[in-house]
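As structure tokens, the structure follows; a few thoughts come after it.
Protein chains: 2
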Amino acid sequence: MQRLKIQYLLKEDVSALIGTTICVKGWVRTKRGNKNVAFIALNDGSIIHNIQIVADPAKFEEELKHITTGACIGVEGKLVESQGSGQAVEIQAENIVIYGEADPNTYPLQKKGHSMEFLREIGHLRPRTNTFGAVMRMRHEMAYAIHTFFHNKGFYYFHTPLITASDCEGAGEMFQVTTMDLNNIPKKEDGSVDYEQDFFGKQTALTVSGQLEGELGATALGAIYTFGPTFRAENSNTPRHLAEFWMVEPEMAFYDLDDLTALEEEFIKFLVKWALDNCKEDLEFLNNMIDKGLIERLKSVINTDFVRLPYTEGIKILEEAVAKGHKFEFPVSWGVDLASEHERFLVEEHFKKPVIMIDYPKEIKAFYMKQNDDGKTVQGTDVLFPQIGEIIGGSVREESYDKLMTRITELNIPMKDMWWYLDTRRYGSCPHAGFGLGFERLMLFVTGMANIRDVIPFPRTPKTAEF
Amino acid sequence: MQRLKIQYLLKEDVSALIGTTICVKGWVRTKRGNKNVAFIALNDGSIIHNIQIVADPAKFEEELKHITTGACIGVEGKLVESQGSGQAVEIQAENIVIYGEADPNTYPLQKKGHSMEFLREIGHLRPRTNTFGAVMRMRHEMAYAIHTFFHNKGFYYFHTPLITASDCEGAGEMFQVTTMDLNNIPKKEDGSVDYEQDFFGKQTALTVSGQLEGELGATALGAIYTFGPTFRAENSNTPRHLAEFWMVEPEMAFYDLDDLTALEEEFIKFLVKWALDNCKEDLEFLNNMIDKGLIERLKSVINTDFVRLPYTEGIKILEEAVAKGHKFEFPVSWGVDLASEHERFLVEEHFKKPVIMIDYPKEIKAFYMKQNDDGKTVQGTDVLFPQIGEIIGGSVREESYDKLMTRITELNIPMKDMWWYLDTRRYGSCPHAGFGLGFERLMLFVTGMANIRDVIPFPRTPKTAEF
Chain A
1027 MQRLKIQYLL KEDVSALIGT TICVKGWVRT KRGNKNVAFI ALNDGSIIHN
1077 IQIVADPAKF EEELKHITTG ACIGVEGKLV ESQGSGQAVE IQAENIVIYG
1127 EADPNTYPLQ KKGHSMEFLR EIGHLRPRTN TFGAVMRMRH EMAYAIHTFF
1177 HNKGFYYFHT PLITASDCEG AGEMFQVTTM DLNNIPKKED GSVDYEQDFF
1227 GKQTALTVSG QLEGELGATA LGAIYTFGPT FRAENSNTPR HLAEFWMVEP
1277 EMAFYDLDDL TALEEEFIKF LVKWALDNCK EDLEFLNNMI DKGLIERLKS
1327 VINTDFVRLP YTEGIKILEE AVAKGHKFEF PVSWGVDLAS EHERFLVEEH
1377 FKKPVIMIDY PKEIKAFYMK QNDDGKTVQG TDVLFPQIGE IIGGSVREES
1427 YDKLMTRITE LNIPMKDMWW YLDTRRYGSC PHAGFGLGFE RLMLFVTGMA
1477 NIRDVIPFPR TPKTAEF
Chain B
1027 MQRLKIQYLL KEDVSALIGT TICVKGWVRT KRGNKNVAFI ALNDGSIIHN
1077 IQIVADPAKF EEELKHITTG ACIGVEGKLV ESQGSGQAVE IQAENIVIYG
1127 EADPNTYPLQ KKGHSMEFLR EIGHLRPRTN TFGAVMRMRH EMAYAIHTFF
1177 HNKGFYYFHT PLITASDCEG AGEMFQVTTM DLNNIPKKED GSVDYEQDFF
1227 GKQTALTVSG QLEGELGATA LGAIYTFGPT FRAENSNTPR HLAEFWMVEP
1277 EMAFYDLDDL TALEEEFIKF LVKWALDNCK EDLEFLNNMI DKGLIERLKS
1327 VINTDFVRLP YTEGIKILEE AVAKGHKFEF PVSWGVDLAS EHERFLVEEH
1377 FKKPVIMIDY PKEIKAFYMK QNDDGKTVQG TDVLFPQIGE IIGGSVREES
1427 YDKLMTRITE LNIPMKDMWW YLDTRRYGSC PHAGFGLGFE RLMLFVTGMA
1477 NIRDVIPFPR TPKTAEF
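Just so you know, the sequences run in chain order A and B. Every number in this note's numbering is 1026 more than the matching position in the first sequence, counting from 1. Every number in this note's numbering is 1026 more than the matching position in the second sequence, counting from 1.
So this is what it looks like as structure tokens:
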């Protein structure tokens, strides 16, 4: 008999099925009842809600012994209107198959609530909980929304490499990739490591960004985006850092600063609206259980215009606040890299809406950002959000070969292995821009979860690579 | 003035724009003409076709000097019906901006044809060619089709980790990931590497498959898929192997062998039909320039039922062919792992259609495959295609804890770090199945390209990690 998903039974109009025999399969969340009737709450992962199975204890005496929290069962039975289970329909069991038991003495996910820390230790089972089921379904929806957004705009998904030989020298925050025997590293005559004997014949590492290769794509295909794993070997044990995370990096030929900030705003609003439109049940659960202000905050983002704030104006606002007596831990003056407290003041207290800060001092931004005529600032953009801070970082790219080389020389950036990047400016150089969105930062915002380890299935952090 | 994409001008009905002034931006493919008129073929990467710009040499004397193959320009001009350029419309230039020149003495992509080997050396520029533009746009379309297929079926995109501590011991074909100083590896007292001092506190490597973690997802969310980079440190310099490639791995609770093969067939047909429906211009180009049988072969796949062929029957067919005088290089008998020549005989000569081979001898398949009652075979499936051979490998998974453990013990598989995987069979075990599709193998099939290095932007192979 064809299995029906519980999502279908609880979300669609199934009035035509009332009175017919159907089949569901899933995992038992709870069992309760008395001598005359047993109620089984069954979940199959397709939706946060359970369907109620009503079983006659006399008929299913043997089966009910094995039906405990976590057990996997299949049920055939009559679909009926529910008498009060909170759902519109329930199933009167006619046949029950036990696929897999879950010993109540050892199964770690019993009915009682669990701490996030404990659930991280059983990361292999936590997707079976309501909270992580909701987060993982939303993670899918957000990923699909990203692909849909760019596809509909004519951007091409461009797979930049994860193993890279660029940027490896002196990059302390990169993971090295090697097939050499670490017990017996091949050495050159001078005693240094002989990378020529490694798999790729040179030193390689895991990418920290696909941007530079993304620019190769944009300057050929017009507009591309990457969406894939990215790595930082930073020894940061914080609720906001992962060693392996997913990043979205669009790159667009012929975009100027206005085009760029417009795309950034449109993109985030599209994603947040997608969550509100497509993740109703999961959002309601997270709003109730994790963060009471979640849905309201999401709605406020899509209904407000983001502020465009030149860095220089932002500094003025912060300096005025200090003059009026506002205390910041870190000093504020033109040229400083803003601290989280400064960004939060601007977003949460001054403007009370998302802020896209632009035109940063060139000294605090990357070498490839387009230089403004003032000689002091570059066309970088940070999108600053309530609670989570920077969610997007982007810039117009410097398309002038001479200006770019001057900056590279000033900053003493090793470009030996970067000839291919410079070729984009040597041959048919074009104005272009791009940005990066940390996917897990987005997930924190749309789920209300507090720790980045809880919005990715299997987090990698210092000293942790379980599962 | 708002730029219009060339794809829009050449694919949509733009009759309402005829006679108006529009703006396009892109890269010059060719310039030709005479004293009275200049024709510029402009491409912006949005479509394989160029739009023709007609310019008055007297008016644009200075600009035309800088307009050579590869230069980046913006053009404002009147859209007119074309007099014979092969396209419906062309543009009479009113204003031309040069964004970036391309010195014809050094720019490597001149009009003449280039070998695939040469284009690999300039992998940073090859997306600007017709062939690689077509392949990269199709790569996007296939990726988007994959997400669309699974989203519409209620599968959740599940991000399995790339850095893994499982399966590292003795896995010679994995890339190690480390932050240790290779010039000064920390050692334990016994002289061996002290992985406790490494970033993750243990030995880690890049994943060769997300399947095992995918099973954790499927046994919680019901149906998931992965789609991401996967790694093999195999020293294989062949047209079919990459060290870094993209893999799609769906995993489904409550699927049996029939469900699995039905999904495999539906999936591939959906993807091939998507290519035919959505990549018309690029496919026509590739059919003309790369593989004259391409479009016909794609059509044949979607219009035929795939054969389900038990391994034992396949062996009989091959043995009969041998008896009738067919020569194979490798011997055929029950129990052997079929060679490519055997698979091709079945697919291309015997059945003349795709074959899904099932029920393989357990000795030649992985430990996790569901054991049949005959005690000899397992419910593995390989989807075999004309020309490219195996495009999908999958199986029903053994859901019985006892049977799985017996097999693990027989094969002496180290399961010390795999307790979490076994928990899926310990707690609420369910029938489930899944498969893996090598994305680049699919790309070879849908593009007709011959070398796997030419269907991924930046291939990683032994001794090669450029760009």
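Virtual Cβ for every residue (Gly too), placed ideally from N, Cα, C.
Check	Outcome
8 Å Cβ cutoff, residue 1402 of chain B in contact with chain A	no
Where residue 1257 of chain A falls: helix, strand or coil (DSSP)	strand
Delimiting residues of the alpha helix (DSSP H) encompassing residue 1281 of chain B	Where residue 1281 of chain B is concerned, there is no enclosing alpha helix (DSSP H), given that its DSSP letter is neither H nor E.
Of the residues A:1075, A:1472 and A:1053, the one placed nearest residue 1019 of chain A, counting alpha carbons only	Residue 1019 of chain A lies beyond the range of chain A shown here (1027 to 1493); nothing can be said about it.
Residue 1428 of chain B, buried or exposed, once every other Cβ within 10 Å from all chains shown has been counted against 16	exposed
Interfacial residues, the segment 1467 to 1483 of chain B to chain A, with Cβ spacing under 8 Å	1482 and 1483
Own chain partners of residue 1474 of chain A with C-beta closer than 6 Å, once the 5 adjacent residues on each side are dropped	1312, 1316, 1317 and 1320
Short CB-CB distance (under 8 Å) between residue 1246 of chain B and chain A	yes
Between the CA atoms of residue 1483 of chain B and residue 1148 of chain B - distance to the nearest angstrom	11 Å
Residue 1443 of chain B beta carbon less than 8 Å from that of residue 1192 of chain B	yes
At least three beta-carbon pairs within less than 8 Å, the segment 1243 to 1260 of chain B to the segment 1455 to 1463 of chain B	yes
Per-residue burial, residue 1105 of chain B [other beta carbons within 10 Å of its own, 16 or more giving buried]	buried
8 Å Cβ cut-off: residues of chain A touching residue 1204 of chain B	1201, 1202, 1204 and 1208
Coil, strand or helix - residue 1490 of chain A by DSSP	strand
8 Å Cβ cutoff met for residue 1070 of chain B and residue 1050 of chain B	yes
Which of helix, strand or coil DSSP assigns to residue 1116 of chain A	strand
Proximity of residue 1289 of chain A and residue 1301 of chain A at Cβ, strictly below 8 Å	no
Three CB pairs or more closer than 8 Å across the segment 1396 to 1407 of chain B and the segment 1374 to 1381 of chain B	no
Which of helix, strand or coil DSSP assigns to residue 1271 of chain B	strand
Residue 1230 of chain A - partner residues in DSSP beta bridges	A:1203
Cβ pair residue 1491 of chain A, residue 1230 of chain B closer than 8 Å	yes
C-beta contact flag for residue 1477 of chain B and residue 1265 of chain B at 8 Å	yes
Limits of the alpha helix (DSSP H) - the one that residue 1308 of chain B falls within	1306 to 1315
Span separating the alpha-carbon of residue 1294 of chain A from that of residue 1369 of chain A	18 Å
Euclidean distance between Cα positions of residue 1062 of chain A and residue 1292 of chain A	57 Å
Beta-carbon spacing of residue 1163 of chain A, residue 1182 of chain B below 8 Å	yes
Span of the alpha helix (DSSP H) around residue 1065 of chain B	Run containing residue 1065 of chain B: none in the alpha helix (DSSP H); it sits in the beta strand (DSSP E), 1064 to 1069.
Cutoff 8 Å: residue 1166 of chain A Cβ touching any chain B Cβ	yes
Test item: CB-CB of residue 1383 of chain B and residue 1344 of chain B under 8 Å	no
Same chain, Cβ closer than 7 Å to residue 1047 of chain B, neighbours up to 5 away in sequence not counted	1102, 1103, 1104 and 1120
CB contact below 8 Å: residue 1272 of chain B versus chain C	Reference to chain C is not applicable here, since the protein chains of this structure are A and B.
Stretch pair the segment 1352 to 1370 of chain A + the segment 1383 to 1394 of chain A: three plus CB contacts closer than 8 Å	yes
Collapsed DSSP secondary structure at residue 1192 of chain B in the structure displayed	coil
Contacting positions in the segment 1114 to 1144 of chain B - beta carbon closer than 9 Å to chain A	1125, 1126, 1127, 1128, 1129, 1132, 1133, 1134 and 1135
CB contact below 8 Å: residue 1102 of chain B versus chain A	no
Closest residue to residue 1254 of chain A among A:1173, A:1339 and A:1281 (Cα-Cα distance)	A:1173
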